[in-house]
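Take a look at the structure set out below.
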Amino acid sequence: MKLICKGAEANLYLDFWFGFKVVKKIRISKPYRIPELDEYLRSYRTFNEARLLSSARRVGVSTPIVLDVNPSSYTLTMEYIEGVLLRDYMLKADEKILKKHFIKVGEMIGVLHSNGIYHGDLTTSNMFIVNDNVYLIDFGLGGFSREVEAFGVDLHLMRRTLESTHHDLAEQCFSYVVEGYSSSFEDWRRVLKKVEEIRRRGRYVEERRLRK
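See the structure below:
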């Protein structure tokens, strides 16, 4: 196996599985946790991410195919996706192409939310452009919910990511996300109201911190 990425929660390895190129995601131990809790969390999150990836794919959202899951070794084996991170793709794409891709991103988020799935880490580093399609990866912080709060946090994080890493394009690209989202999730207005509420909370906390 070849290490391709070290993360806070897991390491990613390039490997071969029955002749196919795959990615193995292995959740790492956290020494500050009680050992029993650490083992439970790593096992549960491995299994939960596999369920989320498969559930998302089942409802039409492009994700890596889950090939094997082993909660006891905290290992998730997935299809290797050959593509470009949306984060990097944005540096060279023109507005017409960006519009198409971000509308697609919004549609995919809407499909997830319509089916009671939230991603938990919607950033342009967790989206791959593959030919003319967008793939979502890394559902490690996701879950199943029908709560507007969970959906609002998803979109809020998407917006904040654009503002912090692609400032010049943030407003326009987020409007494309909303365009796609509103076409695939009928409760979209309530979620956008929740996004604004979450943003106000953040500003309030920041203002209090500055006044101290």
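Residue numbers (this note's numbering): 7 to 218.
We treat Cβ as the ideally placed atom computed from N, Cα and C, and that holds for glycine.
Given the structure is predicted, the values throughout are model-derived calculations rather than measurements.
Nearest neighbour of T130 by Cα position, chosen from H107, G186, Y80 and V28, turns out to be H107. If the five residues before and after S151 are omitted, its C-beta is found closer than 7 Å to the C-beta atoms of G122 and Y124, all from its own chain and listed in chain order.
Per DSSP, the beta bridge partners of K12 are N17. Pairwise C-beta distances place the region 27 to 46 in contact with the region 76 to 90, as three or more of them are shorter than 8 Å. Taking every protein chain shown into account, the CB of C179 has 16 or more other CB atoms within 10 angstroms, so this residue is buried. Shortest Cα-Cα distance from S49 to any of P37, I109 and V75 involves V75. The beta carbon of V90 sits closer than 6 Å to the beta carbons of I135 from its chain, once the five residues preceding and following it are set aside; these are given in chain order. Rounded to the nearest angstrom, the gap between the Cα atoms of V28 and Y86 is 5 Å.
Exclusion of the five residues before and after N139 leaves S68 as the residues of its chain whose Cβ lies within less than 7 Å of its Cβ.
Within its own chain, the residues whose Cβ lies closer than 7 Å to the Cβ of L9, once the five positions on either side in sequence are excluded, are N17 and Y19, listed in chain order. Secondary structure note for I32: its beta strand (DSSP E) is the uninterrupted segment F26 to R33. Beta-bridge partners of N76 (DSSP): T81.
Closest in alpha carbon position to R195, among R205, N54 and V184, is V184. Contact annotation, L175 with L104: C-beta distance approximately 7 Å; criterion of less than 8 Å satisfied. Remark: three or more beta-carbon pairs, one from each stretch, lie closer than 8 Å, so the region 195 to 204 and the region 159 to 177 are flagged as touching. For F53, the three-state secondary structure derived from DSSP is helix. Apart from sequence neighbours up to five positions away, the residues of its chain that approach E113 with a beta-carbon distance below 8 Å are G186, Y187, S189 and S190, ordered along the chain.
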